[in-house]
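Heads up: the sequence shown is residues 20 to 272, going by this note's numbering.
As structure tokens, the structure follows; a few thoughts come after it.
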Amino acid sequence: MSKIPALKAEGAHFNIVDKEKFLKGIDLIKDSISCKGATLWNSDNMILWNKNYSMLRDSKYLEYLDSPETNKMAKAIIWRTYVLDFLLKKSLKVEGDVLELGVLAGDTAYYLSQKFAESFKERRYYLIDLFKWEQGDAHVEIKKLLQPDLFQEVRDRFKNYNFVEVTQGNVVKVLPTLKLNNISFAHIDLNNAEPESFCLEYLTPRMSKGGCIVLDDYGWWGYSEQKVALDEIANKYNLDILELPTGQGVIFF
20 MSKIPALKAE GAHFNIVDKE KFLKGIDLIK DSISCKGATL WNSDNMILWN KNYSMLRDSK
80 YLEYLDSPET NKMAKAIIWR TYVLDFLLKK SLKVEGDVLE LGVLAGDTAY YLSQKFAESF
140 KERRYYLIDL FKWEQGDAHV EIKKLLQPDL FQEVRDRFKN YNFVEVTQGN VVKVLPTLKL
200 NNISFAHIDL NNAEPESFCL EYLTPRMSKG GCIVLDDYGW WGYSEQKVAL DEIANKYNLD
260 ILELPTGQGV IFF
């Protein structure tokens, strides 16, 4: 049986302080491995080779990557989206609503809404974010958050998905106002230890058996304050957090 074709991927990274040296390093890696870069994954702070990259062999992902609506950053974090896609699919087999806490422009949520629209007929998909950044805020300043009409832009983006509810506000204040008795899946990406800790503490007793929480910042050293805080809560509830090379942390219930 013959091998499947080699695939490679190249996208944006974070925390690079000398791009020229970094690119030279990538060239040296290509020269030093047997495939000569034909299977090199070079994106989202991951450098891998000799892997199959199943998502790049999926027509849905190829359409997503080729779409003019998919921006550079969304393409760079495609493996994170692949993880969310896989785990959400499993979680939709159990009862409960779905949450994304930390939305930004809604790129990932939009892809998942398109793909799983039929599965949301009997549940809600809550998207909660401040949709802004002001001087002194604890969460990370991202250029997109300085856009004054971001909240309305995201609302308009999901206007054709009546199961999606986009809410602007602090998750610490918003979550208790929602009627969340059962949750099948939650994606937490707030770039701030305090609200992420609150979310994990609040959601854990409400998670359905067979559900899942994905913590976007958990495995990133630059956000290690989150890991310390979230580990403490996980230990309190006797939960295990699986750290992935993508930087995500996964909790199964």
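Just so it is clear, CB atoms sit at the ideal spot from N, CA and C, and this is done for glycine as well.
Assuming Arg143 contacts Phe182 under a Cβ cut-off of 8 Å, what Cβ separation, rounded to an integer in Å, is found between them?
6 Å
Just how far apart, CA to CA, sit Glu141 and Val102?
Rounded to whole angstroms, Glu141 to Val102 spans 23 Å at the Cα level.
Take every Cβ of the stretch 111-123, pair it with every Cβ of the stretch 64-84, and state whether three or more of those distances are shorter than 8 Å.
Too few Cβ pairs lie closer than 8 Å, so no.
Hey, how far is the Cα of Tyr237 from the Cα of Val191?
19 Å
Is Gln322 buried or exposed, if buried means 16 or more other CB atoms sit within 10 Å of its CB?
Shown here, the chain extends from 20 to 272; a query on residue 322 therefore has no answer.
Looking only at DSSP bridge pairs, what is His206 linked to?
In the DSSP assignment, His206 is bridged to Glu119, Val233.
Using a Cβ-Cβ cutoff of less than 6 Å, which residues in the same chain neighbour Leu146 once the five nearest sequence positions on both sides are dropped?
Glu119, Val122, Ala128, Val185
Is the beta carbon of Leu249 sitting closer than 8 Å to the one on Leu234?
Cβ atoms of Leu249 and Leu234: closer than 8 Å.
Counting C-beta neighbours from all protein chains within 10 Å, is the total for Glu215 16 or more, i.e. buried, or is it exposed?
buried
Within a Cβ cutoff of 7 Å, which residues of the same chain sit near Ala93, ignoring the five residues on either side of it in sequence?
For Ala93, where only same-chain residues beyond five positions count, the Cβ hits under 7 Å are Asp126.
What are the boundary residues of the alpha helix (DSSP H) that includes Glu82?
First-last of the alpha helix (DSSP H) with Glu82: 78-85.
Take Ser132 as the anchor and find which of Thr100, Phe271, Glu114, Val113 has the nearest alpha-carbon.
Thr100
With a threshold of 7 Å on Cβ separation, who are the neighbours of Trp239 within its own chain once the five nearest residues in sequence on each side are excluded?
Once the five neighbours on either side are set aside, the close Cβ partners of Trp239 are Gly266.
Gly188 and Leu222: beta carbons closer than 8 Å?
no
Just how far apart, CA to CA, sit Tyr242 and Ser21?
43 Å
Pull up the distance between the alpha-carbon of Asp168 and that of Lys91, whole angstroms please.
21 Å
What is the residue span of the alpha helix (DSSP H) that Val113 lies within?
Premise fails: Val113 is in no alpha helix (DSSP H) and is neither H nor E.
According to DSSP, is Thr223 part of a helix, a strand, or is it coil?
It is helical.
Do you know how far the Cα of Met65 is from the Cα of Ala28?
11 Å
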